[in-house]
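Heads up, the thing below is written out as structure tokens.
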Amino acid sequence: MRNASQIAVVAVVAGLGAGWYLYGARLGLPDPLVLVGLQPVAEANANRPAGGARVQVVTAPVRQAAVVERIESIGTARAREAVTVTSRVSGIVAAIRFEEGQKVAAGDILVELDRSQQVAALDRARAAADDARTKLDRARRLRATQAVAEAQIDQLEAALRQAEAQVREAAARVEEMKIIAPFSGRVGLRQVSLGALIQPGTAVTTLDDLARLRVEFAVPEVHVARLAVGQRVVATSSAYDDRRFEGEVTVVDTRIDPATRTVRAVAEFPNPDETLKPGLFLNIALTLAERPVALLVPEEAIDPVGDRTFVFAVRDGRAVRQEVRLGTRTQGEVEVLSGIAADDQVVVRGLQRLRNGVPVHVTEVMRRPMS
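According to this note's numbering, the sequence shown is numbered sequentially starting from 2.
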């Protein structure tokens with residue numbers, strides 16, 4: 002029993018010592034061995050650097066630079082308006098009015114089908130309407146002599162209206178034999194030939210409005226509160242090397258996908274030279290915030306303790322331990338939102354031997370390129 006008690010005491014002391022070494026010393030807490038009476042105060046102080054013994058460190062100046070908060074995603078480009086042009090009726094292709102890859106305007110005729118039967122039906126309908134109009138005019142002239150009953154005139158007026166409706170119907174069937182562009186854009190490859198018999202739904206060609214392209218991409222839900230219409234987006238593609246395409250967010254979905262925990266957003270990109278093609282794979286960088294002046298320190302200067310972060314600033318020849326709040330991480334650097342000043346020097350090497358207020362000797366000052 003006595004051996005077990007001794008082992009337990011040793012374990013507790015060892016745990017206290019390890020905890021103090023990792024956290025307590027950095028926070029400036031007293032040595033636990035001193036508190037429990039296992040080590041004299043003088044001996045404990047001897048383990049710390051004396052006033053004349055300076056800890057050698059390497060420092061780096063706090064750097065000021067612009068910081069841009071971005072999130073990256075991927076998406077596929079698609080035309081703002083895109084359609085496969087098809088026929089609504091059956092017919093024989095009589096004329097093709099476009100060239101592959103041609104730019105067309107809304108309402109331009111792309112293909113004409115043989116419409117001889119429809120034109121003949123229209124002529125018959127017009128003749129019937131003319132006849133009904135003539136009969137009605139004659140009856141109205143005879144109404145003054147009461148040679149025609151009022152009921153007969155009503156019947157003739159109804160007949161004329163029916164005949165005029167048949168004219169409009171026949172004219173619509175004639176127009177159906179024309180396949181027109183529903184909006185302005187550029188046509189794709191031709192899918193039909195002269196003389197071909199096509200059925201309703203037969204693809205004739207494709208039509209894309211390439212003046213602006215849309216890209217749909219996913220944003221993690223953690224950024225939803227900062228996502229808004231009008232934010233700047235930059236897209237790149239391996240097909241165009243280092244060329245950057247700038248656009249803006251135009252739509253943010255109203256729902257978060259419960260499976261991926263992301264929200265879908267749509268960005269539009271001007272495409273006046275039609276460089277971007279529908280279906281092109283793009284890397285998206287969305288700018289959440291821009292700060293023209295920010296304080297940056299090397300990643301090596303950060304001293305994490307639990308869920309808190311610290312840096313050691315060198316002031317008046319001593320290491321001053323400062324708790325900091327971090328912002329955006331860049332390549333090799335971290336933005337510091339609070340806790341240090343622009344003219345501070347922070348320790349990047351030798352952190353393990355430092356305590357708050359310990360005298361230091363700066364052996365080297367790291368210089369970083371300004372961006």
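Here a beta-carbon is modelled for each residue, glycine too, at the ideal position from N, C-alpha and C.
Note that this is a predicted model, so its numbers are computed, not measured.
Q.
Please state the DSSP three-state secondary structure of Asp258.
A. Taking the first residue of the sequence shown as 1, we reach residue 258 at position 257. Three-state result, Asp258: strand.
Q | Delimiting residues of the alpha helix (DSSP H) encompassing Val120 | A | Residue mapping note: residue 120 aligns to position 119 of the sequence shown, counting from 1. Secondary structure note for Val120: its alpha helix (DSSP H) is the uninterrupted segment 117-143.
Q) With which residues is Phe184 paired in a DSSP beta bridge? A) Taking the first residue of the sequence shown as 1, we reach residue 184 at position 183. Paired residues: none, contrary to the question.
Q | Span of the alpha helix (DSSP H), counted from its first residue to its last, around Ile97 | A | Residue numbering aside, residue 97 sits at position 96 when the sequence shown is read from its first letter. Where Ile97 is concerned, there is no enclosing alpha helix (DSSP H), although the beta strand (DSSP E) it sits in stretches over 92-97.
Q) What did DSSP end up calling Arg89 once you bin it into helix, strand or coil? A) Counted from its first residue, the sequence shown places residue 89 at position 88. Residue state, collapsed to three classes: coil.
Q. If we count the other Cβ atoms within 10 Å of its Cβ and call it buried at 16 or more, is Glu334 buried or exposed?
A. In the sequence shown, counting from the first residue as 1, residue 334 sits at position 333. Answer is buried; the Cβ neighbour count reaches 16.
Q: Give me whichever residues DSSP pairs with Val315 in a beta bridge.
A: Walking along the sequence shown from the start, residue 315 turns up at place 314. Note: Val315 sits in a beta bridge opposite Ala320.
Q. For Thr310, which of Glu300, Arg233, Val56 has the nearest alpha-carbon?
A. Counting from one through the sequence shown, the residue named residue 310 turns up at place 309. The residue with the shortest Cα to Cα distance from Thr310 is Glu300.
Q.
Quick test of your reading: Leu208 and Ala182, contact by CB under 8 Å. State the CB separation rounded to the nearest angstrom.
A. Within the sequence shown, residue 208 is the residue found at index 207, counting from 1. Within the sequence shown, residue 182 is the residue found at index 181, counting from 1. With 8 Å as the limit, Leu208 and Ala182 qualify as a contact, their Cβ atoms being about 6 Å apart.
Q. Excluding five sequence neighbours on each side, which residues of the same chain lie with their C-beta closer than 6 Å to the C-beta of Gly186?
A. Here the question's residue 186 lines up with position 185 in the sequence shown. So the list reads Leu208, Asp209, Asp210, once near-sequence residues are dropped.
Q. Can you give the Cα-Cα distance for Gln57 and Ala302, rounded to whole angstroms?
A. Start at 1 with the first residue of the sequence shown, and residue 57 comes out as number 56. Start at 1 with the first residue of the sequence shown, and residue 302 comes out as number 301. Using only the alpha carbons, I get a separation of about 15 Å.
Q: Could you tell me the boundaries of the alpha helix (DSSP H) in which Gln153 lies?
A: Here the question's residue 153 lines up with position 152 in the sequence shown. Per DSSP, Gln153 belongs to the alpha helix (DSSP H) from 151-176.
Q: Would you be able to state if there are at least three C-beta pairs under 8 Å between the region 222-232 and the region 285-300?
A: yes
Q. In whole angstroms, what is the alpha-carbon distance linking Gln65 and Glu365?
A. Translated into positions along the sequence shown, residue 65 becomes position 64. Translated into positions along the sequence shown, residue 365 becomes position 364. Approximately 20 Å between the Cα atoms of the pair.
Q. So, Ala204 versus Thr87, is the Cβ gap smaller than 8 Å?
A. Here residue 204 refers to the residue found at position 203 of the sequence shown. Here residue 87 refers to the residue found at position 86 of the sequence shown. The answer is yes: Cβ separation under 8 Å.
Q: Determine, using beta-carbon pairs with one atom in the region 272-287 and one in the region 117-124, whether at least three such pairs fall under 8 Å.
A: no
Q: Evaluate contact between the region 212-227 and the region 258-275, counting only Cβ atoms and requiring at least three cross-stretch pairs below 8 Å.
A: Output reads yes: the region 258-275 touches the region 212-227.
Q) Looking at C-beta atoms only, is the number of pairs between the region 92-100 and the region 187-203 that lie closer than 8 Å three or more? A) yes
Q.
Can you tell me whether Ser339 is buried or exposed? The criterion is at least 16 other CB atoms within 10 Å of its CB, across all chains shown.
A. Residue numbering aside, residue 339 sits at position 338 when the sequence shown is read from its first letter. Burial call: exposed.
Q. Candidates Ala320, Ile341, Gly328: which alpha carbon is nearest Arg1's?
A. The question about residue 1 has no answer, for the chain in this structure spans 2 to 372.
Q. Roughly how many angstroms lie between the CA atoms of Val253 and Gly76, to the nearest whole one?
A. Walking along the sequence shown from the start, residue 253 turns up at place 252. Walking along the sequence shown from the start, residue 76 turns up at place 75. Their backbone Cα atoms lie some 14 Å apart in a straight line.
Q) What are the start and end residues of the beta strand (DSSP E) that includes Thr207? A) Position 206 of the sequence shown, counted from the start, is the residue given in the question as residue 207. For Thr207, the enclosing beta strand (DSSP E) begins and ends at 204-221.
**Q.** Extent of the continuous beta strand (DSSP E) to which Val366 belongs
**A.** Within the sequence shown, numbered from 1, the residue matching residue 366 stands at position 365. Unbroken beta strand (DSSP E) run through Val366: 361-366.
Q.
Going by C-alpha to C-alpha distance, which of Arg356, Gln346, Ala295, Val348 sits closest to Leu327?
A. For this step, residue 327 is matched to residue 326 along the sequence shown. Taking only the C-alpha atoms, the option nearest Leu327 is Ala295.
Q. What three-state label does DSSP hand Thr329 in the structure shown?
A. Residue mapping note: residue 329 aligns to position 328 of the sequence shown, counting from 1. The answer is strand: DSSP assigns Thr329 an E or B state.
Q) Under a Cβ-count criterion, where at least 16 other Cβ atoms within 10 Å of its own Cβ denotes burial, should Ser74 be classed as buried or exposed? A) Residue numbering aside, residue 74 sits at position 73 when the sequence shown is read from its first letter. So Ser74 ends up on the buried side.
(Q) Using 8 Å as the threshold, is the C-beta distance between Val347 and Val298 below it? (A) As a working mapping, residue 347 is identified with position 346 in the sequence shown. As a working mapping, residue 298 is identified with position 297 in the sequence shown. Cβ atoms of Val347 and Val298: closer than 8 Å.
Q: To the nearest angstrom, report how far apart Gly351 and Ile72 are at their CA atoms.
A: Indexing the sequence shown from 1 puts residue 351 at position 350. Indexing the sequence shown from 1 puts residue 72 at position 71. Going from the Cα of Gly351 to the Cα of Ile72 covers about 34 Å.
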